[in-house]
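2 protein chains.
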Amino acid sequence: MSTDIPGAPPSTGATDTVSPSPFPGTSSEGPAGPPLDAVLDRARAAADEARTATPAERARWLSAVADAIDAAADTLLPVAQRESHLPDTRLSGELRRTTFQCRLFADRLSTGALDDIHIDHADPDWPMGARPDIRRTTVPLGPVLVFAASNFPFAFSVVGGDTASALAAGCSVVVKAHPGHPELSRLTAVTARTALGDAGAPPDLLQLVEGEQAGADAVQDRRIKAVGFTGSTRGGRHLYDLAAARPDPIPFYGELGSTNPVVVTPAGWAERPEEIATGFAQSCTMGSGQFCTQPGVIFVPDADQFLAALPPVTAGPMLNERISTGYAQTLQELSARDGVEIAQRTPGGEGRPDVVILRTTAEAVRSDPSLITTEVFGPASLVVGYRSPDEIDAALAGLEGTLTGTVQAGRTDDEDGLRMLGLLARYAGRVIWNQWPTGVTVSDAQQHGGPWPASTAPTTTSVGTAAVRRFRRPVAFQNVPVAALPPELRDA
Amino acid sequence: MSTDIPGAPPSTGATDTVSPSPFPGTSSEGPAGPPLDAVLDRARAAADEARTATPAERARWLSAVADAIDAAADTLLPVAQRESHLPDTRLSGELRRTTFQCRLFADRLSTGALDDIHIDHADPDWPMGARPDIRRTTVPLGPVLVFAASNFPFAFSVVGGDTASALAAGCSVVVKAHPGHPELSRLTAVTARTALGDAGAPPDLLQLVEGEQAGADAVQDRRIKAVGFTGSTRGGRHLYDLAAARPDPIPFYGELGSTNPVVVTPAGWAERPEEIATGFAQSCTMGSGQFCTQPGVIFVPDADQFLAALPPVTAGPMLNERISTGYAQTLQELSARDGVEIAQRTPGGEGRPDVVILRTTAEAVRSDPSLITTEVFGPASLVVGYRSPDEIDAALAGLEGTLTGTVQAGRTDDEDGLRMLGLLARYAGRVIWNQWPTGVTVSDAQQHGGPWPASTAPTTTSVGTAAVRRFRRPVAFQNVPVAALPPELRDA
Numbered sequence: 487m488s489t490d491i492p493g494a495p496p497s498t499g500a501t502d503t504v505s506p507s508p509f510p511g512t513s514s515e516g517p518a519g520p521p522l523d524a525v526l527d528r529a530r531a532a533a534d535e536a537r538t539a540t541p542a543e544r545a546r547w548l549s550a551v552a553d554a555i556d557a558a559a560d561t562l563l564p565v566a567q568r569e570s571h572l573p574d575t576r577l578s579g580e581l582r583r584t585t586f587q588c589r590l591f592a593d594r595l596s597t598g599a600l601d602d603i604h605i606d607h608a609d610p611d612w613p614m615g616a617r618p619d620i621r622r623t624t625v626p627l628g629p630v631l632v633f634a635a636s637n638f639p640f641a642f643s644v645v646g647g648d649t650a651s652a653l654a655a656g657c658s659v660v661v662k663a664h665p666g667h668p669e670l671s672r673l674t675a676v677t678a679r680t681a682l683g684d685a686g687a688p689p690d691l692l693q694l695v696e697g698e699q700a701g702a703d704a705v706q707d708r709r710i711k712a713v714g715f716t717g718s719t720r721g722g723r724h725l726y727d728l729a730a731a732r733p734d735p736i737p738f739y740g741e742l743g744s745t746n747p748v749v750v751t752p753a754g755w756a757e758r759p760e761e762i763a764t765g766f767a768q769s770c771t772m773g774s775g776q777f778c779t780q781p782g783v784i785f786v787p788d789a790d791q792f793l794a795a796l797p798p799v800t801a802g803p804m805l806n807e808r809i810s811t812g813y814a815q816t817l818q819e820l821s822a823r824d825g826v827e828i829a830q831r832t833p834g835g836e837g838r839p840d841v842v843i844l845r846t847t848a849e850a851v852r853s854d855p856s857l858i859t860t861e862v863f864g865p866a867s868l869v870v871g872y873r874s875p876d877e878i879d880a881a882l883a884g885l886e887g888t889l890t891g892t893v894q895a896g897r898t899d900d901e902d903g904l905r906m907l908g909l910l911a912r913y914a915g916r917v918i919w920n921q922w923p924t925g926v927t928v929s930d931a932q933q934h935g936g937p938w939p940a941s942t943a944p945t946t947t948s949v950g951t952a953a954v955r956r957f958r959r960p961v962a963f964q965n966v967p968v969a970a971l972p973p974e975l976r977d978a
Numbered sequence: 487m488s489t490d491i492p493g494a495p496p497s498t499g500a501t502d503t504v505s506p507s508p509f510p511g512t513s514s515e516g517p518a519g520p521p522l523d524a525v526l527d528r529a530r531a532a533a534d535e536a537r538t539a540t541p542a543e544r545a546r547w548l549s550a551v552a553d554a555i556d557a558a559a560d561t562l563l564p565v566a567q568r569e570s571h572l573p574d575t576r577l578s579g580e581l582r583r584t585t586f587q588c589r590l591f592a593d594r595l596s597t598g599a600l601d602d603i604h605i606d607h608a609d610p611d612w613p614m615g616a617r618p619d620i621r622r623t624t625v626p627l628g629p630v631l632v633f634a635a636s637n638f639p640f641a642f643s644v645v646g647g648d649t650a651s652a653l654a655a656g657c658s659v660v661v662k663a664h665p666g667h668p669e670l671s672r673l674t675a676v677t678a679r680t681a682l683g684d685a686g687a688p689p690d691l692l693q694l695v696e697g698e699q700a701g702a703d704a705v706q707d708r709r710i711k712a713v714g715f716t717g718s719t720r721g722g723r724h725l726y727d728l729a730a731a732r733p734d735p736i737p738f739y740g741e742l743g744s745t746n747p748v749v750v751t752p753a754g755w756a757e758r759p760e761e762i763a764t765g766f767a768q769s770c771t772m773g774s775g776q777f778c779t780q781p782g783v784i785f786v787p788d789a790d791q792f793l794a795a796l797p798p799v800t801a802g803p804m805l806n807e808r809i810s811t812g813y814a815q816t817l818q819e820l821s822a823r824d825g826v827e828i829a830q831r832t833p834g835g836e837g838r839p840d841v842v843i844l845r846t847t848a849e850a851v852r853s854d855p856s857l858i859t860t861e862v863f864g865p866a867s868l869v870v871g872y873r874s875p876d877e878i879d880a881a882l883a884g885l886e887g888t889l890t891g892t893v894q895a896g897r898t899d900d901e902d903g904l905r906m907l908g909l910l911a912r913y914a915g916r917v918i919w920n921q922w923p924t925g926v927t928v929s930d931a932q933q934h935g936g937p938w939p940a941s942t943a944p945t946t947t948s949v950g951t952a953a954v955r956r957f958r959r960p961v962a963f964q965n966v967p968v969a970a971l972p973p974e975l976r977d978a
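Sequence order for the protein chains is V and S.
Counted from 1, the first sequence has number 642 at position 156 by the working numbering; the numbering is strictly sequential.
Counted from 1, the second sequence has number 611 at position 125 by the working numbering; the numbering is strictly sequential.
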């Protein structure tokens, strides 16, 4: 998911300067806020308290946060709308997603579904030699730093998926607020902190810091034990490098760039041309194209026909000026490449972005694979015409990691489609058949990630209940008396 | 586990120069070996073949490798003994561990125990909005580079735990041979490759390269998708940095340094002084102290009594000259620190290392935490005397990640012991009660890792069947027809 979090140098953004905060515990740089050092000390103290909390207690804390945010919706939504320019229906849906997500983690904590345990009783006859009693569970990593994203001011921000999964894991969280929605960030943090306190949790389980320097400093601080990030490849890479360069490197879970290629097979196109053209146009422009799963590339058997079938679409205002400028720049660069032309440009007017459809061929992609790995963050996509499905095989060989890969195939026995799905699974965290990649549900089976640059940690997911695994580490208990065993490791 | 794999610059080791190999496919730098580029191309091709193999096929391949190594024991063991100076009983036990490990992975593949799947059927009433059918499984990462260790020429070398778990995961493996046992490495590789070929697997699932430059080059090559490493903190850090600096960073699973602290409680010491002193002396000198889980630090309530109770022990020859020199150097540095003295030195004589017991106080550790985080790779340990258990709490606050933490406590109701176990679990991958850390069994519940520097990836293990998770990544299949679903995701 690309946002406007910039990379190196860490403090260039005019919109990301020091913001004094009227809320205690919600800013580290403003004159009214505590210094970062105090925030991190409190994060460590809160993590120590949370470490010994039961899953049932953590579940109650998450539910309390969800309830408080739902109750504050009428206050939060207008602020979100003003700061993000996103329509009210979209934001209220996103708020629902956000609190649902907290409650889903709470539910899974209550049922033990998130446990990852194994018990090996002592075995004197174990073939490699007598085996002691060993029981493995997981424990929280400690304070987690979460970088909020711009494009989902609720669901990937202060109490978004990274925060919810880290809290579910029993970690404390320091959120680096996104400068695109500062007031909403502070309001959300205060709401959540109050709810945590009222529910008997340490309120410092969740703290907010503002400013790029605070974020960069915190990444490098020994008290922080893991980082969650959603944003641009450039910004994420900068922070990843900081985490990796620590004297004690820590896990950095970054969800960065993705082009989400779609392959339309000949059979799919023959059967459902209108449905595919309409579905694509909607998916391409949804949220003004500011979704990490926006289909940036689509392979079609007949580019002329496909372009002719596209319904007219427009897009709403973009999140902020920086994203708007970045969109125009990347578009210009991509459209200047050999073999690429602008096929359609629908002017946005009045502070809205143009919707742009670029066009190229599978042959050109084969010569320049970066055509299908360059993410344009906004309502634009590249239509890649191919003559035979074999050309797609060759073109996809230049793909990098991507969050999603989609096949639009015939309804039955589409061998091309089956093969393409297998190819896309080599690069993607999620493969989709006859649906569209935008709209990432939160569930137990969900996977949101992939090889670099989709994620800095390809074995993990940042959406869905499995996201909690990122913030816990295994500990084995050998020959340990019942009194010292975590409850989940005791014999039933 | 510290070995003598050096760090930067990558090609200083006199024992690690180019070795021509008579075995095709087992050296990348010798005049007789293929160039690294060809090795990596073949690794990629083999990974493509392995990707579509069923778990049952991979199980058969691993069993075939185990059978072949058992059958070649009479050839392999004498070479191992000559190159490593380790006694025959130790090596034959290690060989048994190695083939058992392959068979354990094979067994777990056959039963589906290593699967990590989740199926969410479509749900129109999902609270955040209608949910599509999503099914998640895992797929292999691709070619894995494994750095062999010196101190376990079978179990952490060519067909050691990293290789076995990567093969179980469906990856191909390129092993960087350890220069401490080059001939054994080549013989093992040829044995395994032949077995793979005979079992119908691509023999290039396992290839060997030699030389530090080849290893460093391979870490940075795009065809390599993950790295497994067991060795010194310095060497591991150098390679970790190379992996993290790639244009496309990849997971680096390094098991580096550990001091494995032991806490003897007052009650434990009162009940079992002889048993504890004898157990410690054995654990300290086992394998000449060249174990990653060697107890390098022990807290005791009465240092004088403890030292007086230690039985006389000696150690066998060390693995090689470089480790021997490093042992002497680190010992000298540590013994020169404020508050540290040499309490006992048992001369080894005739190419054997001295066994050295250093001594300090909990107070000194509190002033200089590095006393208990400095790993001495060899038969030496630091005895830390304390006056009250509270002093240990304060001293342990300076600990870093460690593979193990051990409590030697009273048999019943030892509150000090229970508290210490909880403290150690904050830093350790495995906590042990009234047993010793050396001797790491291979089982499903085993955990071998921990926060930095015990591991570069604290959420993973390098020993036990869960090690396979390091080399697979999740992929979600959304709305995908049965024909394109991996078998494990089809409705029963």
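The beta-carbon is built from N, C-alpha and C at its ideal position, and this holds for glycine as well.
Is the Cβ of residue 790 (chain S) closer than 8 Å to any Cβ of chain V?
Residue 790 (chain S) does not count as touching chain V.
Would the beta-carbon of residue 580 (chain V) fall within 8 Å of that of residue 652 (chain V)?
In this structure, residue 580 (chain V) sits away from residue 652 (chain V), with a CB-CB distance that is not shorter than 8 Å.
Below 8 Å on the Cβ atoms is my guess for residue 747 (chain V) versus residue 885 (chain V); work out the distance and round it to an integer in Å.
The beta-carbon distance between residue 747 (chain V) and residue 885 (chain V), rounded to whole angstroms, is 7 Å. This is short enough to meet the 8 Å contact definition.
So, with DSSP's three-state summary, where would you put residue 888 (chain V)?
Annotated three-state conformation of residue 888 (chain V) is strand, per DSSP.
For residue 918 (chain V), decide whether its Cβ has a neighbour in chain S, counting only Cβ atoms nearer than 8 Å.
So yes, residue 918 (chain V) belongs to the interface.
Could you list which residues in chain V have their beta carbon closer than 7 Å to that of residue 523 (chain S), in chain order?
Those do not exist, as residue 523 (chain S) stays about 18 Å from chain V at its closest Cβ, beyond 7 Å.
Span of the beta strand (DSSP E), counted from its first residue to its last, around residue 827 (chain S)
Here the beta strand (DSSP E) through residue 827 (chain S) covers 827–832.
Using DSSP with H/G/I as helix, E/B as strand and the rest coil, what is residue 796 (chain V)?
Looking at residue 796 (chain V) - three-state DSSP - the assignment turns out to be coil, as it is neither helix nor strand.
Does residue 824 (chain V) pass the burial test, meaning 16 or more other C-beta atoms within 10 Å, or should it be called exposed?
It counts as exposed.
Going by DSSP, what residue range makes up the alpha helix (DSSP H) through residue 541 (chain V)?
Its alpha helix (DSSP H) spans residues 541–557.
Against chain S, does residue 548 (chain V) count as a neighbour if the rule is that its beta carbon must be under 8 Å from one of theirs?
No, residue 548 (chain V) lies away from the interface with chain S (no Cβ there is under 8 Å from its Cβ).
Buried or exposed by the 16-neighbour rule on C-beta atoms within 10 Å, applied to residue 861 (chain V)
With 16 or more neighbouring CB atoms inside 10 Å of its own CB, residue 861 (chain V) falls in the buried class.
Please tell me whether residue 455 (chain V) has its Cβ less than 8 Å away from any Cβ of chain S.
Here chain V covers residues 487 to 978 and nothing more, so residue 455 (chain V) does not appear.
Give the DSSP-derived three-state secondary structure of residue 960 (chain S) in the structure shown.
Residue 960 (chain S): strand per DSSP, three-state reduction.
Kindly indicate the opening and closing residues of the beta strand (DSSP E) around residue 693 (chain V).
Run containing residue 693 (chain V): 692–695, per the beta strand (DSSP E) assignment.
List, in chain order, every chain S residue whose beta-carbon is nearer than 9 Å to that of residue 674 (chain V).
For residue 674 (chain V), there are no C-beta contacts with chain S under 9 Å, since the nearest C-beta of that chain is about 18 Å from it.
In chain order, each alpha helix (DSSP H) run of at least 4 residues that lies wholly inside the segment 551–597 of chain V
Restricting attention to alpha helix (DSSP H) runs no shorter than 4 residues, the segment 551–597 of chain V encloses them at 559–570 and 574–597, ordered along the chain.
Which residues in the same chain as residue 759 (chain S) place their Cβ atom closer than 6 Å to its Cβ, once the five residues preceding and following it in sequence are excluded?
Cβ neighbours of residue 759 (chain S) within its own chain (closer than 6 Å, five residues either side excluded): 795.
Please identify the residue among V:743, V:683 and V:637 whose C-alpha is closest to the C-alpha of residue 671 (chain V).
Measuring from the Cα of residue 671 (chain V), the nearest candidate turns out to be V:637.
Exposed or buried, what is residue 735 (chain S) when buried is set at 16 or more other beta-carbons lying within 10 Å of its beta-carbon?
Burial call: buried.
With 16 other CB atoms within 10 Å as the buried threshold, where does residue 686 (chain S) fall?
Exposed is the call here.
How many angstroms separate the CA atom of residue 507 (chain S) from the CA atom of residue 693 (chain S)?
Its pLDDT being 45, under 50, residue 507 (chain S) is placed unreliably in this model, and the value from its coordinates should be taken loosely. Looking at the two C-alpha atoms, the distance is approximately 13 Å.
Kindly provide the ranges of any alpha helix (DSSP H) runs that are 4 or more residues long and lie completely inside the segment 716–761 of chain V, ordered along the chain.
Here the runs fully enclosed are 719–730 and 752–757.
If we call anything under 8 Å between Cβ atoms a contact, is residue 755 (chain S) one with residue 967 (chain V)?
With a cutoff of 8 Å on beta-carbon distance, residue 755 (chain S) and residue 967 (chain V) are scored as not near each other.
With 8 Å as the threshold, decide whether the Cβ of residue 768 (chain V) is near any Cβ in chain S.
It does not; no Cβ of chain S falls within 8 Å.
Counting Cβ pairs closer than 8 Å, one from the segment 617–629 of chain S and one from the segment 584–596 of chain S, do we hit at least three?
Verdict: no, contact absent.
Closer than 8 Å, CB to CB, is residue 902 (chain V) near chain S or not?
Answer no: the Cβ-Cβ gap between residue 902 (chain V) and chain S never drops below 8 Å.
Test: residue 724 (chain V) CB closer than 8 Å to a CB of chain S
Residue contact check for residue 724 (chain V) against chain S: no CB pair falls below 8 Å.
Taking Cβ to Cβ, would you say residue 916 (chain V) is nearer than 8 Å to residue 890 (chain V)?
It is a contact, given that the beta carbons lie within the stated cut-off.
Helix, strand or coil at residue 506 (chain V) according to DSSP, with G and I counted as helix:
Unreliable positioning characterises residue 506 (chain V) in this predicted model, as indicated by a pLDDT of 40, which lies under 50. The coordinate reading is nonetheless provided below. Secondary structure at residue 506 (chain V): coil, using DSSP grouped into helix, strand and coil.
Quick check on residue 805 (chain S): does DSSP put it in helix, strand or coil?
If DSSP states are grouped into helix, strand and coil, residue 805 (chain S) belongs with coil.
Backbone secondary structure at residue 894 (chain S) - three-state DSSP:
In the structure shown, the three-state DSSP call for residue 894 (chain S) is strand.
How would you write the range of the beta strand (DSSP E) that residue 620 (chain S) sits in, first residue to last?
620–626 is the extent of the beta strand (DSSP E) around residue 620 (chain S).
Can you check which of these residues, S:974, S:854 and S:950, is closest to residue 649 (chain S) by C-alpha distance?
Nearest to residue 649 (chain S) by C-alpha distance, out of S:974, S:854 and S:950, is S:950.
Does any residue of chain V bring its CB to less than 8 Å from the CB of residue 658 (chain S)?
Between residue 658 (chain S) and chain V, the shortest Cβ-Cβ separation is not below 8 Å.
Touching by the beta-carbon criterion (3+ pairs, under 8 Å), the segment 778–793 of chain S and the segment 863–875 of chain S
Result yes; three or more Cβ-Cβ pairs closer than 8 Å.
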